[in-house]
Each structure stands twice: as structure tokens, then as C-alpha cells.
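For reference, the structure is listed below as C-alpha cells.
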Amino acid sequence: MLKLFRKLARNQQKLDLMIETRRSRKLPRDKGSVVVVRLDGIGDFILWLACARAIRARYPRPDHRITLVASSAFSDLAASTGLFDEVMAINSKRYVEDNAYSRATLRNVAALRAEVAINPGISRDRYGDRLVLASGATTRIGVDGDPEAQTDKKQRQSDRWYTDLIKITPGIHEIEANAIVAHYFDPSAPPSRPRLDRNLISRPDWLPREPYFVVFPGSASVKKKWPADRFAAILTRLQQRTGWIAVICGTNAEKPDAQAILDLTGRHRIIDACGRTDLGALAGVLRDAELLLCNDTGAAHIAAAVDCPVVVPCGGYHYGRFLPYPQLNDGESPVMFTVFEQMPCFNCSWKCIYPRAADEPLYCVSQIGVEAVWQAVGEALESKPHGISANKS
797 MLKLFRKLAR NQQKLDLMIE TRRSRKLPRD KGSVVVVRLD GIGDFILWLA CARAIRARYP
857 RPDHRITLVA SSAFSDLAAS TGLFDEVMAI NSKRYVEDNA YSRATLRNVA ALRAEVAINP
917 GISRDRYGDR LVLASGATTR IGVDGDPEAQ TDKKQRQSDR WYTDLIKITP GIHEIEANAI
977 VAHYFDPSAP PSRPRLDRNL ISRPDWLPRE PYFVVFPGSA SVKKKWPADR FAAILTRLQQ
1037 RTGWIAVICG TNAEKPDAQA ILDLTGRHRI IDACGRTDLG ALAGVLRDAE LLLCNDTGAA
1097 HIAAAVDCPV VVPCGGYHYG RFLPYPQLND GESPVMFTVF EQMPCFNCSW KCIYPRAADE
1157 PLYCVSQIGV EAVWQAVGEA LESKPHGISA NKS
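Count along the sequence shown from 1, add 796, and you get the number used in this note's numbering.
So this is what it looks like as C-alpha cells:
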């Protein structure tokens, strides 16, 4: 019955797309109007910011008006960049699951009467593709990159909805792929690791004045979560070695992850800040931190974008795609220290060959030990000016 319901829902979405696309094509185009679609995660957005600047350079004010159709997960941060004239926040989950919301979203995008529609994501999916088609734009630009987010057949079908496709070399890092897309819009754009401008960063009043480090134990997927007892072990060692305050960050939904660490370590010189930071405040927390220890999540990329050394125990599901960072030969010191337990099944694309319970991380994540992460912590601290080694007594 559930399968039948989902099939009917998909068919309704296809019908809505056909109806709204036909209506949109009859609308006159708004000269200079550009719509850009990004419905993915926070980390994807951070890695894409250099490309966003290139799109703004290609379509400058006042002759062009850019509307970003963005996931509500990062829409406020996107608006703060100043790169877009309007940000249309979309609840990505509702857009996928709620037919009435989906149709309203298609209609709202069509109402922009854009001349140009851009879907710059390296892994396109049908939901982003549908917004580009429904826009009715004369020029529709997408990326012929990694089809992982949908089957190769479906991506080839939606390729026909675009007038221009930017070719990406398969298997390269997201930073390098975004650099190719950025170069399409602005040939002078160099490849670079993510950067957050100062206007996007705010420092919360509750931050301590003395040195602190940050622990971010949550993740959108349990598959990527390094065990809480290992986070607690590193936290305890680092406090014993340095005397620094520990700040645990995350969303309200990730409070149980913080509590698990508190239960193991106590609350001495630990601040539980889960639910107390938006993305701008999180950037402020990380900018002034000595170090971040986190799972493979958007916080890692935010830390890198504000030059905070970050240590990430990470599985091999997408090895080389998002982590570790590539060497860019830009003269900058490394800030991303990624810890893997190398296995022959790397790049499985979430198709784990090892049996796992629903509440367990992937096998490759579970195999990363405390000692390996502690060694990376030492390397990260040594990378700082006048660095302190975690291995020195």
C-alpha cells in the first residue's frame, strides 16, 4: 500500500510539473532575471560559495536580478552574503513529500519569469531539475557531473531540459568541481577552499574569553556518527593536556549527542551550546576556537572557511569527493585533518557490505580508533602559529 501511495504521489508531481511548465512558458520573460537553485546541504553550500561569487560576477547589478531558491537549512546565511537580490527559502523535505507544497513551489519559481535558470549542483537530482524546467527560462544551465543523486537514465532524461551543460570530470573533489563551474561563469575565478566573509560571522556573547575548543558530535545521518565515548575520550585528553574549555555545539535535535558526552565526562569546564547558534554564530564560535572535532558534517566546512583547524573521523563512502580536502597549491596552511581507516570497499556510495544495525555508524566509521584521531589532533594543533602539540607533556 505504501509503495502504491508513493507511486501515485510521484505521478501527481509529474502531472503538476507538466501543467506548471506549460503555464510558465506562456509568461513573458523578465529581462535580467536569473534564478539559481540549491536545495542540498549546508556543507554543499559552503563549498559552493566561490562559485556563487562567480555567478554574481557574470550577472552583475543593476542589469541583473538573481533569486536563489535555497534550502531553508541555509537560506538565512545565503541572504546574508549579499550575493543575491532575493532568497526564496524552500523546505526541501516538504518539497519532496508534500504534493501541494511542491506545486506551490513550482508556481512560485515560474512567477519569477526568469531569462536564465541555473542548477549548479555537482550531483543533480530530479527535484532541482524540475524547478529549472518549471522556471520557463530561455537559458537553462546545469552540470553534467556525478549522477549519484539519481539513476543515470533519469539524469540523461533531464539533461534534455537544459540548454547548456557544464562538463565535470568524474571523481574529482567538490572544491575542484565547483572551480570548473565557477570558471564557466567567471574565467578569472581561481580554485580555492571555502571562505566566509566577515559580514557572515557573529560572535555569541556567551563565549568564554579564555581559550576553548569545539566538539560537534552530531550528524544528519547516524551512518556518519563516530561513537560518543570516543568523542568523550578525546575531549578529556585535550582538556588534560591544555586546560582549555570545551564547547559542545549542535542543533536542538543533537542535544542527546551532547548529553551522551556529558554523561561520560561530567560538566567541568564544558559548555553545552546545542541549539544556541545559528550558522552565523556557529561560524563565530569556530573562528575563535583553537580546534574543532566533529563528524563529517557541514560544521567541518564552516570551520575550514574561517581558518579553524578541524579534525574529522570520516568513513569512506565518498572518499575524495568532499573529504579529505585536495592540495590546491594556494600557499595556505592546511586546516582540514581527516582521519580514515582505509578499506578496500571505499567509495561504496553508502552501499555498505557489512551488516549494521539501524542505529550504528557504517563499519568504516566504527573502525576509526581514538589513537588515530588523537594523532590528528596533534597535527592540527601543530599547524597553528606557535602551535601546541597534543602529544607533548
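In this text, a Cβ means the ideal position worked out from N, Cα and C, and glycines have one as well.
Residue i classed as buried or exposed, judged by whether at least 16 other C-beta atoms fall within 10 angstroms
{"i": "N995", "result": "exposed"}
{"i": "D925", "result": "buried"}
{"i": "R857", "result": "exposed"}
{"i": "K1147", "result": "exposed"}
{"i": "H969", "result": "buried"}
{"i": "K1019", "result": "buried"}
{"i": "E816", "result": "buried"}
{"i": "L811", "result": "exposed"}
{"i": "T965", "result": "exposed"}
{"i": "V1169", "result": "buried"}
{"i": "S871", "result": "buried"}
{"i": "G1062", "result": "exposed"}
{"i": "R818", "result": "exposed"}
{"i": "G967", "result": "exposed"}
{"i": "S1129", "result": "exposed"}
{"i": "R1149", "result": "The residue asked about is misnamed: residue 1149 is Ile in this sequence, not Arg. So I1149 counts as exposed."}
{"i": "L1177", "result": "buried"}
CB of residue i within 9 Å of CB of residue j, strictly
{"i": "L1124", "j": "I1098", "result": "no"}
{"i": "V1011", "j": "I1030", "result": "yes"}
{"i": "I851", "j": "V865", "result": "no"}
{"i": "G1165", "j": "N1143", "result": "no"}
{"i": "W957", "j": "V928", "result": "yes"}
{"i": "A1079", "j": "I997", "result": "yes"}
{"i": "G1071", "j": "T1038", "result": "no"}
{"i": "G932", "j": "R821", "result": "yes"}
{"i": "A906", "j": "L823", "result": "yes"}
{"i": "G1014", "j": "A1054", "result": "yes"}
{"i": "I937", "j": "D960", "result": "yes"}
{"i": "R999", "j": "A1100", "result": "no"}
{"i": "V1161", "j": "P1109", "result": "yes"}
{"i": "A1028", "j": "G837", "result": "no"}
Alpha-carbon to alpha-carbon, residue j and residue i
{"i": "L873", "j": "K889", "result": "19 Å"}
{"i": "G839", "j": "D1092", "result": "9 Å"}
{"i": "T901", "j": "R922", "result": "14 Å"}
{"i": "L1088", "j": "K1021", "result": "15 Å"}
{"i": "V1264", "j": "Q808", "result": "This structure does not reach residue 1264, given that the chain is present from 797 up to 1189, and the question cannot be answered."}
{"i": "L1158", "j": "P916", "result": "30 Å"}
{"i": "Y1175", "j": "F1133", "result": "Per the sequence shown, residue 1175 should be read as Glu rather than Tyr. If I take the Cα positions, the gap works out to 8 Å."}
{"i": "E893", "j": "E1006", "result": "46 Å"}
{"i": "D1025", "j": "I1057", "result": "7 Å"}
{"i": "S1145", "j": "D1001", "result": "41 Å"}
{"i": "G985", "j": "P1105", "result": "Per the sequence presented here, residue 985 reads as Ala, with Gly not at that position. Looking at the two C-alpha atoms, the distance is approximately 25 Å."}
{"i": "A1190", "j": "Y891", "result": "The chain is shown only over 797 to 1189; residue 1190 falls outside these bounds and no answer can be derived."}
{"i": "P787", "j": "H1114", "result": "Since the first residue shown for the chain is 797 and the last is 1189, residue 787 is missing from the structure and cannot be characterised."}
{"i": "S1189", "j": "F841", "result": "Low per-residue confidence applies at S1189: pLDDT is 36, beneath 50, and the placement is therefore not dependable enough to give any value."}
{"i": "T877", "j": "N895", "result": "31 Å"}
{"i": "A875", "j": "R903", "result": "22 Å"}
{"i": "F981", "j": "P1151", "result": "45 Å"}
{"i": "R899", "j": "L835", "result": "16 Å"}
{"i": "D1103", "j": "P1023", "result": "26 Å"}
{"i": "P1122", "j": "G1112", "result": "16 Å"}
{"i": "L908", "j": "L813", "result": "16 Å"}
{"i": "P983", "j": "D1068", "result": "45 Å"}
{"i": "V1173", "j": "R849", "result": "33 Å"}
{"i": "A973", "j": "T863", "result": "23 Å"}
{"i": "P987", "j": "Y855", "result": "20 Å"}
In DSSP terms, what residue i is bridged to
{"i": "E1050", "result": "Bridge partners of E1050: none, in fact."}
{"i": "R834", "result": "A866"}
{"i": "S829", "result": "R861"}
{"i": "K963", "result": "D940"}
{"i": "M1132", "result": "V1106"}
{"i": "F1012", "result": "C1090"}
{"i": "D1155", "result": "Answer by DSSP bridge pairing: none, since D1155 is not bridged."}
{"i": "V884", "result": "First, the residue type needs correcting, since residue 884 is Met and not Val in the sequence shown. DSSP, once it has assigned bridges, lists V865 as partnering M884."}
{"i": "V1043", "result": "V1010, I1067"}
{"i": "T935", "result": "V912"}
Option nearest residue i by Cα separation, candidates the options
{"i": "T935", "options": "A1172, D826, L1003", "result": "D826"}
{"i": "S868", "options": "D881, F880, S876, I886", "result": "I886"}
{"i": "V1081", "options": "C1045, D1053, R1063, S829", "result": "C1045"}
{"i": "L1034", "options": "P1004, I1066, A1054", "result": "I1066"}
{"i": "R952", "options": "S919, M814, Y980", "result": "S919"}
{"i": "Q1163", "options": "L1177, F1136, P1140", "result": "F1136"}
{"i": "H860", "options": "F1118, E882, K963", "result": "E882"}
{"i": "E1050", "options": "Q1036, C1090, R1083", "result": "C1090"}
{"i": "F1118", "options": "L813, G828, L835, W844", "result": "W844"}
{"i": "L879", "options": "C847, D955, K950", "result": "C847"}
{"i": "D955", "options": "R991, I914, A973, I971", "result": "I914"}
{"i": "G828", "options": "L813, A910, R849", "result": "A910"}
{"i": "L1003", "options": "I1041, V1131, P1140", "result": "I1041"}
{"i": "E1167", "options": "V1107, C1141, M884, S1179", "result": "V1107"}
{"i": "A853", "options": "M1139, V1131, A1172, A978", "result": "A978"}
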